[in-house]
Amino acid sequence: MPKIKTHTGAKKRLDITKSGRLKRAKAYKSHILTKKSTKRKRSLRQGTYVAESDASVSRKLIPYK
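FYI, the numbering used here numbers position 57 of the sequence shown as 53, with every residue one higher than the one before it.
This is the structure:
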């Protein structure tokens, strides 16, 4: 049985915690920041977890991480 290829984009964007959950960064923080409030930009700095409904698909993309 051949090895599964890791999805290159997913391995750069996702991390697995010790409890097995997937960490990700929040979106909408890269450009057009002048119209976004300081409070909104500050909350976008914090990371969050991948939703459990999407986590099973995302785990298949990074099988060896």
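Even for Gly, the Cβ is constructed at its ideal location relative to N, Cα and C.
Secondary structure of residue i, DSSP reduced to three states
{"i": "T2", "result": "coil"}
{"i": "L18", "result": "strand"}
{"i": "T34", "result": "helix"}
When the options are compared against residue i, the one with the closest alpha-carbon
{"i": "L18", "options": "A51, Y60, I0, K56", "result": "A51"}
{"i": "R20", "options": "A6, K1, T30", "result": "A6"}
Residue j beta carbon less than 7 Å from that of residue i
{"i": "V46", "j": "S33", "result": "no"}
{"i": "T44", "j": "K22", "result": "yes"}
Cβ distance (whole Å) where residue i is taken to contact residue j below 8 Å
{"i": "K61", "j": "I12", "result": "6 Å"}
{"i": "T2", "j": "P59", "result": "7 Å"}
Cβ neighbour criterion (16 or more within 10 Å) applied to residue i
{"i": "L10", "result": "buried"}
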